Amino acid sequence: MKTIEELNAIREKAKANMTVREDNEDLIRVIVGMATCGIAAGARPVLNGFVDEIARRKLNNIAVSQTGCIGMCQYEPIVEVIEKGKEKVTYVKMTADKVARIVSEHLVNGNVVTEYTVGAVAK
Amino acid sequence: MYRSHVLVCGGTGCTSSHSEDIIKTLEEQIAEKGLADEIKVIKTGCFGLCAKGPIMIVYPEGCFYSEVKVDDIPEIVEEHLLKGRIVKRLLFDETVSTDTVKSLNQTAFYKKQKRLALRNCGVINPESIEEYIALDGYQALAKCLTTLKPTDVIQIIKDSGLRGRGGGGFPTGLKWEFTAKNDADQKYVVCNADEGDPGAFMDRSVLEGDPHCIVEAMAICGYAIGATEGYVYVRAEYPIAVSRLELAIKQANEQGLLGKNIFNSGFEFNLHVRLGAGAFVCGEETALMTSIEGNRGEPRPRPPYPAVKGLFGKPTTENNVETFANVPQIILHGAESFAAMGTERSKGTKVFALGGKIKNTGLVEIPMGTTLREIIEEIGGGIPNGKKFKAAQTGGPSGGCIPASLIDTQIDYDNLTAIGCMMGSGGLIVMDEDTCMVDIARYFLDFTVDESCGKCAPCRIGTKRMLEILNKITQGKASLEDLDKLQELAFYIKENSLCGLGQTAPNPVLATMKFFKDEYIAHVVDKKCPAGVCKALLNYYIDPKKCIGCTLCARACPVGAIAGSPKTVHVIDTKKCIKCGACMDACKKVKAVSKV
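First to last, the protein sequences are chains X and Z.
To convert, take the position in the first sequence, counting from 1, and add 9; that gives my numbering.
To convert, take the position in the second sequence, counting from 1, and add 77; that gives my numbering.
In structure tokens form, the structure reads like this:
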């Protein structure tokens with residue numbers, strides 16, 4: 010090791026792989042319903058879609074996690090976005106294709122993708 | 078990118094309760110469910126809560142599973158990792174409140190702790206240099222080599238108020254300065270990882286959980302004092318610590334963080350591991366260095382101090398593992414932030430290995446100045462089975478005890494010395510009303526007699542004589558005169574022994590005689606052991622009013638000392654009785670057997 014820059018490069022790379030272990034309330038939390046109903050409806054590609062997209066964009070303020078049955082099985086796969094101080098947003102009938110748009114519009118720019126939310130779909 | 082990390086403790090405590098098998102099963106099950114690309118299993122160092130091991134934490138949820146068994150793994154994988162349903166029955170009791178899962182840091186065990194020396198233990202994979210670097214590892218070394226002069230480094234350590242964590246409490250910065258000021262063609266840095274106190278395991282946990290921080294700190298010390306070679310003296314009974322340390326040194330060499338011209342500064346530092354054979358005396362600095370040199374581990378008189386003439390006759394700085402573990406943080410965050418913690422003359426934190434009669438046995442790190450009451454009642458979770466707290470033993474065979482009347486003592490070097498106790502390396506053994514203080518003193522003396530190297534007479538012969546008197550006391554054969562002799566011997570050995578082992582060996586006796594004189598008197602005058610521990614002084618007795626003649630006790634007795642036929646009152650023949658207590662255990666329901 011000859012320079013601090015080399016050390017910092019290793020640090021940034023390794024750190025990105027460890028964000029999942031942060032215990033930080035300020036993180037935006039993306040929660041994917043992964044009960045039997047969710048998995049059957051295709052929640053796994055959605056979950057992995059979020060993980061990959063967030064890693065690709067190097068967003069380190071977002072934690073993706075899974076949860077059990079949210080209770081509206083007919084709308085699975087369901088994804089909830091929880092941000093401190095804001096109302097919870099629930100996206101329903103998710104697919105992997107919808108993920109990129111939610112990441113760019115909602116998670117990055119703060120604009121909820123209304124047409125995917127439970128309010129719009131349930132009408 | 079993994080969506081979930083599963084951290085499993087790979088410290089010695091959890092390894093002995095099969096965490097290796099848990100990791101293996103976990104990886105198999107994860108692969109079977111096709112989750113291998115999504116979930117990463119990481120083996121970490123000690124989380125501290127050894128009583129509840131094996132321990133597993135699942136992120137991002139931060140679920141803290143305790144006492145996990147191999148048989149539980151399929152359920153965790155199927156329910157939690159696959160379907161996201163937390164397995165509540167395995168959660169650490171305290172993290173489950175009514176309906177929500179509390180964060181680990183809010184539990185009583187962790188809330189009052191301040192993890193500085195242990196900051197990476199249970200957080201990173203100790204076998205990955207990348208994870209250490211991710212959490213600012215080697216930044217302190219880089220800062221020293223590229224922006225600070227050796228004298229600046231020493232000044233920072235001096236300003237921080239860091240004192241030796243191995244027991245003596247000597248200011249670390251001063252120690253470094255003494256060695257730095259001595260010119261020599263070669264100097265050495267030595268890390269004392271020969272943790273020998275019965276019940277102490279914090280150095281082991283640091284080496285197992287965060288070996289790179291010791292590598293980094295020793296390199297920093299080398300730069301500060303002008304040494305290019307370092308030795309870690311670690312006991313061979315710590316195989317996991319040894320292998321992780323060796324791996325860490327190998328990784329650091331590969332990354333160029335050890336070796337020649339580190340950070341292009343021209344500074345060279347090489348690190349070597351030496352294994353100790355587990356002799357207690359080798360924890361004493363001069364004996365340790367003699368042992369590294371390949372000789373029999375015996376101390377030598379000081380002066381000359383190691384800073385002048387140490388390892389291989391060259392100026393040497395020797396620090397304990399925990400002392401080194403604090404160094405990178407002090408360099409990175411400044412002397413002030415470290416000095417802001419603790420009491421006036423004891424800065425920072427101290428790690429204690431909490432053991433004995435306490436609910437949460439394990440490893441705790443607290444700011445200096447925390448009271449014993451907070452450690453025992455809050456962090457430790459109190460005494461099990463509703464028993465009363467009697468005393469806490471600190472410093473192992475070199476230390477003393479803190480009686481219940483002083484439970485509000487703020488723990489730091491000077492307060493403990495003031496009450497005739499000693500910080501020691503950090504073993505903290507909690508004792509309840511069932512502990513006999515004379516027996517405790519006898520236990521530690523027995524240990525020092527075994528471990529005395531035999532070089533000087535006061536220690537070799539004196540401790541043996543003390544042990545003989547203590548044996549007489551516990552057998553009810555001593556007189557009051559013996560107590561005076563015991564005390565006189567104790568002072569004599571303290572004054573005249575060659576090294577720390579003998580100079581501190583009488584401490585457990587002196588401390589227990591100071592605070593529990595009445596117990597000694599009871600043994601000598603009344604021939605009674607108030608705690609009911611010393612076998613020669615107690616008898617088992619069957620209450621004829623309570624005995625129902627069930628014969629259970631007679632059948633349990635291994636020496637046939639109990640007479641009586643079914644439905645008649647049983648009687649113990651005290652001459653035959655070996656006082657094993659089997660009859661009392663057998664009579665748990667009726668409770669007719671008691672100790673008198």
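A virtual CB, placed ideally from N, CA and C, is assigned to each residue, including glycine.
As the structure is a prediction and not an experimental result, all values here were calculated from the model.
Residues of chain Z with a CB under 9 Å from the CB of X/K11: which are they?
-> G333, N338, I339, F340 and N341
Leaving out five residues on either side along the sequence, give the residues of the same chain with a beta carbon under 6 Å from the beta carbon of Z/L159.
-> K110
Run the CB neighbour count on Z/S642, radius 10 Å, all protein chains shown included, and call it buried at 16 or more, exposed below.
-> exposed
Coarse secondary structure for Z/H349, derived from DSSP in three states = strand
Take Z/V667 and list the residues in its own chain whose beta-carbon comes closer than 8 Å to its own, dropping the five residues that flank it on each side.
-> K623, C624, I625 and C627
Would you call the CB atoms of Z/A416 and Z/D213 closer than 8 Å?
-> no
Integer-rounded CB distance, given that Z/P376 should sit under 8 Å from Z/T363 | 5 Å
Where does the unbroken beta strand (DSSP E) through Z/S748 begin, and where does it stop?
-> Here chain Z comprises residues numbered 78 to 673, so residue 748 of chain Z is not present and cannot be evaluated.
Cutoff 8 Å: Z/K160 Cβ touching any chain X Cβ = yes
Quick one: does Z/E345 have its CB under 8 Å from some CB of chain X?
-> no
X/Q83 burial status per 10 Å Cβ neighbour count (16 or more: buried) | exposed
Thinking C-alpha only, which one of Z/Y490, Z/S671, Z/A640 and Z/A356 is nearest Z/R675?
-> The shown model of chain Z, from 78 to 673, leaves out residue 675 of chain Z, and the question about it has no answer.
Kindly indicate which residue of Z/C123, Z/G250 and Z/I234 has the alpha-carbon position closest to the one of Z/R192.
-> Z/C123
Identify which residue in Z/N492, Z/T540, Z/G531 and Z/N548 has its Cα closest to the Cα of Z/M514.
-> Z/N548
Z/L352 versus Z/S423: straight-line alpha-carbon distance, rounded | 31 Å
Which residue or residues does DSSP assign as beta-bridge partners of Z/K396?
-> The sequence given here has Asn at residue 396 of chain Z, not Lys. Paired residue(s): Z/C268.
To the nearest angstrom, report how far apart Z/V670 and Z/D98 are at their CA atoms.
-> 44 Å
Say whether chain Z places a C-beta atom closer than 8 Å to the C-beta of X/G77.
-> yes
Of the choices Z/P316, Z/A211 and Z/T102, whose alpha-carbon is the least far from that of Z/E155?
-> Z/T102
Element boundaries [alpha helix (DSSP H), containing Z/H289] = P288 to I302
Use the C-beta contact count for X/I40: other C-beta atoms within 10 angstroms, 16 or more gives buried, fewer gives exposed.
-> buried
Can you name the residues of chain Z whose CB is closer than 8 Å to the CB of X/T126?
-> Simply none; closest approach about 21 Å.
Z/S81 CB to nearest chain X CB: under 8 Å?
-> yes
Neighbour-count burial assignment, Z/L365, 16 or more Cβ in a 10 Å radius | buried
Could you name the residues of chain X that Z/A219 contacts, counting a contact when the two beta carbons are closer than 7 Å?
-> I13 and L16
Check whether the region 646 to 666 of chain Z touches the region 588 to 600 of chain Z, taking contact to mean three or more Cβ pairs, one atom from each stretch, closer than 8 Å.
-> no
What distance in whole Å lies between the Cβ atoms of Z/G473 and Z/A277, which are believed to be in contact at a cut-off of 8 Å?
-> 6 Å
The beta strand (DSSP E) with Z/M508 in it runs from where to where?
-> G504 to D509
Output yes or no for whether 8 Å exceeds the beta carbon distance between X/V108 and X/I37.
-> no
Whole-angstrom distance between Z/A329 and Z/G433, CA atom to CA atom = 38 Å
Local Cβ density within 10 Å of Z/S529, reported as buried at 16 or more and exposed below that = buried
Check the Cβ-Cβ distances between X/T123 and every residue of chain Z, and say whether any is below 8 Å.
-> no
Grab the span of the alpha helix (DSSP H) containing Z/M590 for me, first residue to last.
-> N584 to F592
Extent of the continuous alpha helix (DSSP H) to which Z/Y569 belongs | L557 to N573
How about Z/E293 and Z/A318: do their beta carbons lie closer than 8 Å?
-> no
Should the region 398 to 413 of chain Z be regarded as contacting the region 223 to 237 of chain Z, the criterion being three or more beta carbon pairs within less than 8 Å?
-> yes
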